[in-house]
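Data first, discussion second: the structure below is written as structure tokens.
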Amino acid sequence: MSEPSTTPPTRRSFLSALTVLLGGAITALASIPVLGSLFSPLRAAPATGAADAPIPVGTVSEFPVGVPRRVELIRSVTDAWSRSDATTVGAAWVTRNADDTFTAFSTICPHLGCGVNLDKQRNIFACPCHTSAFGLDGKFQTGPAPRGLDPLQVEVRGKEVLIHYKRFKQGTPERETV
Amino acid sequence: MLKRFDAWLDSRTGHRALLHAALYENVPGGARWRYVFGSAVTVLILMQAATGIALELYYSPSTTDAWASVNYIETQVMLGSLLRGIHHWGASAIVVVVALHLLQTLWAGAFRAPRELNWLAGFILLQIILGLALTGYLLPWDQKGYWATQVATSIAGTVPLIGPKLQTFLQGGTSYGNLTLTRFHTLHVLLLPAALFSVIAVHVALFRKHGVTPPDLPAAELERKAEPFYPRQLLYDTAVSAVGVGVIFYLAWRLGAPLEAPADPSSQYLARPEWYFLPLFQLLKYFEGGAELVGTIILPGVAMGFLAGLPFIHAVFSRRIPNLHRVLAGALTVGLMGVGALGALAVSADRSDPAVAALAAKAHEEAMEARRLASMGGVPASGPLNLYRNDPLVWGHRVVVSQCQKCHNPCDTQPYKGSPCLEGYASRAWISRFLRNPRAPHFFGNTKIDDMEAYTGPQESADALTEFIYSQGGRPDVTVALAKKGEELFESEGCASCHTLDGVGSGLGPDLKGWGSREWSYAFIRTPDATRFFGELNEMEAFDHLRLPEEELQAVTAWLHAQGSQPLKFP
Numbered sequence: 001m002s003e004p005s006t007t008p009p010t011r012r013s014f015l016s017a018l019t020v021l022l023g024g025a026i027t028a029l030a031s032i033p034v035l036g037s038l039f040s041p042l043r044a045a046p047a048t049g050a051a052d053a054p055i056p057v058g059t060v061s062e063f064p065v066g067v068p069r070r071v072e073l074i075r076s077v078t079d080a081w082s083r084s085d086a087t088t089v090g091a092a093w094v095t096r097n098a099d100d101t102f103t104a105f106s107t108i109c110p111h112l113g114c115g116v117n118l119d120k121q122r123n124i125f126a127c128p129c130h131t132s133a134f135g136l137d138g139k140f141q142t143g144p145a146p147r148g149l150d151p152l153q154v155e156v157r158g159k160e161v162l163i164h165y166k167r168f169k170q171g172t173p174e175r176e177t178v
Numbered sequence: 179m180l181k182r183f184d185a186w187l188d189s190r191t192g193h194r195a196l197l198h199a200a201l202y203e204n205v206p207g208g209a210r211w212r213y214v215f216g217s218a219v220t221v222l223i224l225m226q227a228a229t230g231i232a233l234e235l236y237y238s239p240s241t242t243d244a245w246a247s248v249n250y251i252e253t254q255v256m257l258g259s260l261l262r263g264i265h266h267w268g269a270s271a272i273v274v275v276v277a278l279h280l281l282q283t284l285w286a287g288a289f290r291a292p293r294e295l296n297w298l299a300g301f302i303l304l305q306i307i308l309g310l311a312l313t314g315y316l317l318p319w320d321q322k323g324y325w326a327t328q329v330a331t332s333i334a335g336t337v338p339l340i341g342p343k344l345q346t347f348l349q350g351g352t353s354y355g356n357l358t359l360t361r362f363h364t365l366h367v368l369l370l371p372a373a374l375f376s377v378i379a380v381h382v383a384l385f386r387k388h389g390v391t392p393p394d395l396p397a398a399e400l401e402r403k404a405e406p407f408y409p410r411q412l413l414y415d416t417a418v419s420a421v422g423v424g425v426i427f428y429l430a431w432r433l434g435a436p437l438e439a440p441a442d443p444s445s446q447y448l449a450r451p452e453w454y455f456l457p458l459f460q461l462l463k464y465f466e467g468g469a470e471l472v473g474t475i476i477l478p479g480v481a482m483g484f485l486a487g488l489p490f491i492h493a494v495f496s497r498r499i500p501n502l503h504r505v506l507a508g509a510l511t512v513g514l515m516g517v518g519a520l521g522a523l524a525v526s527a528d529r530s531d532p533a534v535a536a537l538a539a540k541a542h543e544e545a546m547e548a549r550r551l552a553s554m555g556g557v558p559a560s561g562p563l564n565l566y567r568n569d570p571l572v573w574g575h576r577v578v579v580s581q582c583q584k585c586h587n588p589c590d591t592q593p594y595k596g597s598p599c600l601e602g603y604a605s606r607a608w609i610s611r612f613l614r615n616p617r618a619p620h621f622f623g624n625t626k627i628d629d630m631e632a633y634t635g636p637q638e639s640a641d642a643l644t645e646f647i648y649s650q651g652g653r654p655d656v657t658v659a660l661a662k663k664g665e666e667l668f669e670s671e672g673c674a675s676c677h678t679l680d681g682v683g684s685g686l687g688p689d690l691k692g693w694g695s696r697e698w699s700y701a702f703i704r705t706p707d708a709t710r711f712f713g714e715l716n717e718m719e720a721f722d723h724l725r726l727p728e729e730e731l732q733a734v735t736a737w738l739h740a741q742g743s744q745p746l747k748f749p
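Which chain is which? The protein sequence lines are A and B, in order. Positions 1 to 178 (the numbering used here) are the ones given, in order, by the first sequence. Positions 179 to 749 (the numbering used here) are the ones given, in order, by the second sequence.
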């Protein structure tokens, strides 16, 4: 831009550069904490001991043999700043087998994360969102899901049934915990 | 390439003309440092907006979550403490720079025609900024915000006729709660910023229309020295803004922003507003009873009315009084100095009051304690006050302070005039000191109980007795052999002639079975006059479940039991 000015051109470009420098300093100082806090969640989350403890879901006799039962998984949760002693963190389909061992699947569809239902007529697990279907053994049958249902480890302590809850990455053929 | 894009963009937006108008605005009389304040305030306001938005990503406006989320920002969010510090110090800096801007435009006579409306816009901006400052410090829902803002809403309640309704409207109810927080939050992040930026737009547009108020120089000289806004004035503005931001950054980095203990409606807290409201706070001290309206509404209202009415006062009287704008500027400056003096009085009154210092120290201690507790697994979903309830020691200490210390004074009271002091109670040091001198002021010296003789035996016997009595509290660190020896001495040295160990008691002296344990303290506090305890000698009031509810007593006994491993607090 050319504009008649009392300031000579070299001096003007010096003042101009100084202004840009100072303006940049202001922006940089203000940006440091704003960007730092904005991206804070991308840092590795600190490990919480309680999150790994198995969650009790009932006694052995409460589960009928061969029929999947949906159980809510309730435990104490620290969510950012807030600690709650009993919060539902998820759910599982639990089946008691004939030999009193247990099979459990996460109710989260490995496709895109909808909650999977039990279709009693067809004896399958059916996802209501994109019609993926899984056998009662969790194996993939039809639909867009990339893999079968995600199994959860079940532990029986005396009469008590406990589930080791995990979350898995969705949309991939491989099973990865998150 | 860039030039072609610029040309393409300009043919569609006309941005070159805009930029040109912005940069080459004529400054009559030339660039001056005194013109920088408006730009500096704008830069600081933009920084408040940026840091405010970042804070908003983490803040939660509810009574159970607000304090916890702010504490989370302070302790868990990357650079969160710095972020909050900048927002905190930025607010103070804005008040300072706004005051300088006001004084500069005042002395330039910028309120005179044709700039009356811009003076009014500036006045409205001042009110909005004070509103932002006021609504902001309630949001952490800590002791300071809670109690200081109470004063502001109570002032609203004193307005004639509509006062109570107004207060309920502002608070979202008859008392402080979630609705107060959501209202103040909406004001602070939505309504007031929207109003602020709208009025700033008007303020700047009007400023552009009329230009800077030139100094009182001959027109020819103003013309000769005139220069465009760019580059010199822009550099001045940027330089001062950069210094301001640098100072704020430094203060935020070194001092951070305060976070007091969570708001507790049941506590005693030294309510003091932020420094820029201290003059108002001080003013309230001078008007008692029915005259309080003078301090809360009338005087501030008259002052603000004078400020807003300045252009019109000038318009009416300027023909009769030469240089009226200087007289008005002088009057307002004196008024502002008076406001500053009021603030200084408030500060000096607090500085010279030891009670204030003690309360401030206590508040700091409580804040540290709350933050320590919150760092252990988060704040309960039921709210941060339950941090204390979950920790019986903290809660127990609060109950002891409110219920017990009227008689069982704090051990460091000088001179000590109370019943036996309780800090370090039932520790080895407490017991051994007691054995040697039960009538010392910190033990039974201030009571009528003087039946017990001091133990005068050799030190090793005293140590054994101490260990034995200490073992009654169910301590994990007892030296069993020594305690065993003490038990034998208990018989042979004559302790057993008054004190029993059967849990029943003789009425001569307290039964010592389980002495110092939670069970013993529990039963004792409920029935100190039982035969098992002091019987007819008893002087302590019994605390039944009405005076001391079950859970509070549990907390007190937990605290008392924990004293066994605490040091004594008296010489």
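Glycine included, C-beta positions come from ideal geometry on N, C-alpha and C.
Under the Cβ distance rule, SER419 (chain B) counts among the residues neighbouring chain A, one pair being separated by less than 8 Å. The Cβ atoms of VAL77 (chain A) and LEU162 (chain A) do not sit closer than 8 Å to each other.
In this chain, the beta strand (DSSP E) harbouring HIS164 (chain A) covers 160 to 164. Along the length of the stretch 86 to 141 of chain A, whole beta strand (DSSP E) runs at least 3 residues long occupy 102 to 106, 117 to 119, 124 to 126 and 133 to 135, reported in chain order. The DSSP-derived three-state label of ARG147 (chain A) is coil. Along the stretch 594 to 616 of chain B, there is no position whose C-beta sits under 9 Å from a C-beta of chain A. The C-beta of PRO8 (chain A) comes no closer than 8 Å to any C-beta of chain B. When Cβ-Cβ separations below 8 Å define contact, LEU73 (chain A) makes no contact with chain B. Only residues of its own chain outside the window of five on either side were considered, and among them PRO68, THR95, ASN123, ILE124 and PHE125 have a CB closer than 8 Å to the CB of LEU136 (chain A), listed in chain order.
For PRO409 (chain B), the residues of chain A that pass the 7 Å Cβ criterion are THR7, ARG12, LEU15, SER16 and THR19, in the order they occur in the chain. Contact of GLY556 (chain B) with chain A is assigned, a C-beta pair being separated by under 8 Å. Residues THR331 and THR358 of the same chain have their beta carbon placed closer than 6 Å to that of GLN349 (chain B), with the five preceding and five following residues left out of the count. Partner residues in the beta bridge of GLY58 (chain A), as assigned by DSSP, are A:VAL161. In this structure, ILE264 (chain B) sits near ALA430 (chain B), with a CB-CB distance shorter than 8 Å. When secondary structure is reduced to three states using DSSP, ASP79 (chain A) falls in the strand class.
Contact holds between the stretch 562 to 579 of chain B and the stretch 719 to 737 of chain B, because three or more Cβ pairs, one in each stretch, are under 8 Å apart. Residue-level contact check: ALA80 (chain A) touches chain B, since one or more beta carbons of chain B fall below 8 Å from its beta carbon. Leaving aside the five residues that flank ILE302 (chain B) on each side, the residues in its chain whose CB is nearer than 7 Å to its CB run, in chain order, VAL377. In chain order, ALA80 and TRP81 make up the part of chain A whose C-beta sits under 8 Å from the C-beta of TYR250 (chain B). Under the Cβ criterion of 8 Å, PRO144 (chain A) is not counted among the residues facing chain B. With contacts defined as CB atoms closer than 8 Å, ALA379 (chain B) and PRO206 (chain B) fail to qualify as a contacting pair. Under the Cβ criterion of 8 Å, LEU180 (chain B) is not counted among the residues facing chain A. For LEU38 (chain A), the chain B residues whose C-beta falls within less than 8 Å of its own C-beta are ALA232 and LEU235, listed in chain order.
The CB of ILE264 (chain B) comes closer than 7 Å to the CB of PRO33 in chain A, given here in chain order. In summary, PRO532 (chain B) is exposed, with fewer than 16 beta-carbon neighbours lying within 10 Å of its beta-carbon over all protein chains present. DSSP, read as helix, strand or coil, puts ASN716 (chain B) in coil.
SER419 (chain B) is not a Cβ neighbour of VAL274 (chain B), given a cutoff of 8 Å. Interface residue (Cβ-Cβ distance to chain A less than 8 Å): THR360 (chain B) is not classified as such. The bridge partners DSSP lists for PHE168 (chain A) are A:THR177. The CB of ASP243 (chain B) comes closer than 8 Å to the CB of TRP81 and SER82 in chain A, given here in chain order. HIS279 (chain B) sits buried, since 16 or more C-beta atoms from the chains shown fall within 10 Å of its C-beta. Following the DSSP letters along the chain, one finds ILE476 (chain B) in no alpha helix (DSSP H), marked with neither H nor E.
Where ILE499 (chain B) is concerned, there is no enclosing alpha helix (DSSP H), because DSSP gives it neither an H nor an E.
Neighbours of THR416 (chain B) in chain A, taken as residues whose beta carbon is under 7 Å from its own, are THR19, LEU22 and GLY23 in chain order. A contact between stretches requires three or more CB pairs, one per stretch, nearer than 8 Å, and the stretch 283 to 301 of chain B fails this requirement with the stretch 452 to 465 of chain B. Take the alpha-carbon of PHE622 (chain B) and the one of CYS582 (chain B): they are about 16 Å apart.
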